[in-house]
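Anchor point for the sequence shown: position 4 equals 4 in the working numbering, and the numbering is continuous, going up by one each time. A virtual CB, placed ideally from N, CA and C, is assigned to each residue, including glycine.
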Amino acid sequence: MQMGFGLWQQQTQKLILTQELRQAIAILQLSSFELSQYLQQEMAENPVMEWEEAAGAEGWGEFDAWLRESGPDPGLLRSMRESYREPPADVAARSENLEDHLMVQLSDLRLSPLEKRVLRYVIGNIDERGYVSMSSAEMAAQLGVEEALVERCRRRLHGLEPLGIGALDLRECLNIQARERYPDEPGLKDLIDHHLQDVAEGRQSRIAQALQIDLQEVQRLSDLLKTLDPKPGRMFFGDQVRFVIPDVTIERVGGDYVVMVHDRLTPHLHINPIYRRIASTQGADREAKSYLSKKIQSAMWLIRSLEQRRQTILRVTEAIVELQRDFFDRGLEYLRPMTLRQVAERVGVHESTVSRATTGKYAQTPRGVLELKYFFSSGVQTRGGEGASAESIKAKIRKWIQEEDRSDPLSDQRLADLLQQEGIRISRRTVAKYREELRIASSAQRRRHGS
């Protein structure tokens, strides 16, 4: 066999995450309040953008002209005009269980029953910071499985939202986020691995000498580090009530449902016409024109990212309404199990896009203010093969217990039998779990004896 050297061409496909694409992804996963803060920061850094308190007919003329010059999609301007609607004032308190939040994201993965059991145990050992409080060896000993299996399952959590969840310590938590958000910044990993204390104490000269970089680069890396969350789990713990404003409204109109997207806290952005004229004026200072052109292009990318966010949330919500039509028509007992993949296939996007579009987003519906993640409920098999969601089963359990004879309350086994009669295959143990999640006492504790 002969071997030799040579040159040849090979064509490959590679996804390049441009700065604009990263911006669009980041904007999609922001809530309305977070988006408002982000846009205010962007406006402070880009002088060509202006904030309109209200959108009206005035101001659209010049914006329309600029959109035509920049060559947008034909329906972009029309859809942007339609997006300016006054949302309702209703608010809802946010309360979400960390286990459910993570298991919804894992629902589309092919996991064995053993892997699911290990993952639930790992998630159950996540503390308020978002870190796993036990080592993989300790968890393996408790579960009676191999340490490698526990470690493999724990690392599956690293790709889920919020980023950094399931880490063992601060350094691993920050590295997980840095790999995802700043994959082209190797210096950031060095900063996390060896110089966190130096950053905290402001010893930039020491960092610069150790990493052989200048002070300006140290400051830039430190600024990137400060955008990472050292405690990604804190949003799911604590008794503090936070209020949210719905991102979408779902209204019943005749025999159908209409979805409307709104951003009460989001400023209405447009390009300052004075700067636009300077950028297009013949004979103007070349350096100034170049600077303004870059800022105008950046502003247009931002405006288009906002429209893309609106369209994605709209399409995802419409798909949810179609898949959960029985719930909207008939109530909680008819909520069906639904996965990210089902919605993604209907919309024509990746599951991660659906996850970003629904995380932290709320809908004003005829059934109340609900988080979009609420509709992605796990479930159990029914006799007809369609499945019933956990929330719909809980609704049945709550209803039966409310109507029971308190002198002879329904036991968990009798509740399981009632569900079996309706074609829902469920064990007494699962019924007990759902009852406890509803904070309903056992039948013995509910029993009331006659006087």
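Do the stretch 95-107 and the stretch 153-166 make contact, defined as three or more Cβ pairs closer than 8 Å? yes
I'd like to check one pair, residue 190 with residue 211: are the Cβ atoms closer than 8 Å? On the sequence shown, residue 211 is found 211 positions in, with the first residue counted as 1. On the sequence shown, residue 190 is found 190 positions in, with the first residue counted as 1. In this structure, residue 190 lies closer than 8 Å to residue 211 by Cβ.
Let me know the secondary structure DSSP gives residue 174 once reduced to three states. The residue given as residue 174 occupies position 174 in the sequence shown. Here residue 174 sits in helix by DSSP.
From the DSSP output, which residues share a beta bridge with residue 167? Numbered from 1 along the sequence shown, position 167 holds the residue referred to as residue 167. Per DSSP, 131.
Just mark residue 227 as buried or exposed, buried being the case when its beta carbon has 16 or more other beta carbons within 10 Å. Residue mapping note: residue 227 aligns to position 227 of the sequence shown, counting from 1. So residue 227 ends up on the exposed side.
Exposed or buried, what is residue 268 when buried is set at 16 or more other beta-carbons lying within 10 Å of its beta-carbon? Locating residue 268 in the sequence shown gives position 268, where the first residue counts as 1. Buried: at least 16 other Cβ atoms inside 10 Å.
From residue 194 to residue 418, what does the alpha carbon distance come to, in whole angstroms? Mapped onto the sequence shown, residue 194 falls at position 194. Mapped onto the sequence shown, residue 418 falls at position 418. Near 60 Å, if we compare the C-alpha coordinates of residue 418 and residue 194.
Within 8 Å, do at least three Cβ pairs link the stretch 289-305 to the stretch 40-49? yes
According to DSSP, residues forming a beta bridge with residue 365: Locating residue 365 in the sequence shown gives position 365, where the first residue counts as 1. Looking at the DSSP assignment, residue 365 forms a beta bridge with 368.
Cutting at 8 Å between CB atoms, please list the residues of its own chain near residue 272, excluding the five before and the five after it. In the sequence shown, the residue the question calls residue 272 occupies position 272. Same-chain partners within the cutoff: 47, 48, 49, 50.
Which value, in whole angstroms, describes the spacing of the CA atoms of residue 424 and residue 375? Position 424 of the sequence shown, counted from the start, is the residue given in the question as residue 424. Position 375 of the sequence shown, counted from the start, is the residue given in the question as residue 375. For residue 424 and residue 375, the distance between alpha carbons rounds to 19 Å.
To which residues of the same chain is residue 356 closer than 8 Å at the C-beta, ignoring the five residues directly before and after it? The residue labelled residue 356 in the question sits at position 356 within the sequence shown. Closer than 8 Å at Cβ, skipping near neighbours: 25, 28, 29, 161.
Any idea what DSSP makes of residue 374, helix, strand or coil? Within the sequence shown, the letter at position 374 stands for residue 374. Note: residue 374 maps to helix in three-state DSSP.
Helix, strand or coil: how does DSSP classify residue 50 here? As a working mapping, residue 50 is identified with position 50 in the sequence shown. Correct three-state label for residue 50: strand.
Look up residue 101 in the DSSP assignment and say whether it is helix, strand or coil. Within the sequence shown, residue 101 is the residue found at index 101, counting from 1. If DSSP states are grouped into helix, strand and coil, residue 101 belongs with the helices.
What would DSSP say about residue 245, mapped onto helix, strand or coil? For the purposes of this step, residue 245 is taken as residue 245 along the sequence shown, with counting starting at 1. Coil, per DSSP.
I need the DSSP call for residue 412, collapsed to helix, strand or coil. The residue labelled residue 412 in the question sits at position 412 within the sequence shown. Helix at residue 412.
Enclosing beta strand (DSSP E) for residue 139 [first to last residue]: Taking the first residue of the sequence shown as 1, we reach residue 139 at position 139. It is not in any beta strand (DSSP E) - residue 139 instead sits in the alpha helix (DSSP H) that spans 136-143.
Whole beta strand (DSSP E) runs in the stretch 250-319 with 3 or more residues, listed along the chain? 256-261, 268-271
Spatially closest choice to residue 341 from 113, 106, 33, by CA coordinates: Position 341 of the sequence shown, counting from 1, holds the residue named residue 341. Comparing Cα positions, the closest option is 106.
Euclidean distance between Cα positions of residue 231 and residue 287: Translated into the one-based positions of the sequence shown, residue 231 becomes position 231. Translated into the one-based positions of the sequence shown, residue 287 becomes position 287. Rounded to whole angstroms, residue 231 to residue 287 spans 44 Å at the Cα level.
Go to residue 328, then tell me how far its alpha helix (DSSP H) extends in each direction, as first and last residue. As a first step, residue 328 must be located in the sequence shown, where it is residue number 328. Element bounds for residue 328: 325-330.
What does DSSP give as the partner residues of residue 126 in its beta bridges? As a working note, residue 126 is residue 126 in the sequence shown. Looking at the DSSP assignment, residue 126 forms a beta bridge with 132.
On the DSSP letters alone, give me the boundaries of the alpha helix (DSSP H) that residue 351 sits inside. Taking the first residue of the sequence shown as position 1, residue 351 is located at position 351. Per DSSP, residue 351 belongs to the alpha helix (DSSP H) from 351-358.
Other residues of its chain near residue 121: CB distance less than 7 Å, five sequence neighbours each side excluded: As a first step, residue 121 must be located in the sequence shown, where it is residue number 121. Excluding positions up to five away in sequence, the list reads 139, 143.
DSSP three-state label for residue 213, please. Mapped onto the sequence shown, residue 213 falls at position 213. In this structure, residue 213 counts as coil in the three-state DSSP scheme.
Under the three-state DSSP convention, the category residue 32 falls into: Your numbering for residue 32 matches position 32 in the sequence shown. Note: residue 32 maps to helix in three-state DSSP.
Residue 182, DSSP secondary structure in three states: As a position in the sequence shown, residue 182 is number 182, starting the count at 1. The answer is coil: DSSP assigns residue 182 none of H, G, I, E or B.
Under the three-state reduction of DSSP, which class applies to residue 149: helix, strand or coil? As a working mapping, residue 149 is identified with position 149 in the sequence shown. Three-state result, residue 149: helix.
Starting from residue 229, trace the alpha helix (DSSP H) both ways and give me its first and last residue. The count along the sequence shown starts at 1 and reaches residue 229 at position 229. Neither: residue 229 is in no alpha helix (DSSP H) and is coded neither H nor E.
Taking all protein chains shown into account, do 16 or more other C-beta atoms lie within 10 angstroms of the C-beta of residue 233, making it buried, or fewer, making it exposed? Along the sequence shown, one-based indexing puts residue 233 at 233. Its Cβ being crowded by 16 or more others within 10 Å, residue 233 is buried.
Could you check how far apart the C-beta atoms of residue 358 and residue 316 are, in whole angstroms? I think they sit under 8 Å. Taking the first residue of the sequence shown as 1, we reach residue 358 at position 358. Taking the first residue of the sequence shown as 1, we reach residue 316 at position 316. About 6 Å separates the two Cβ atoms, so the contact holds.
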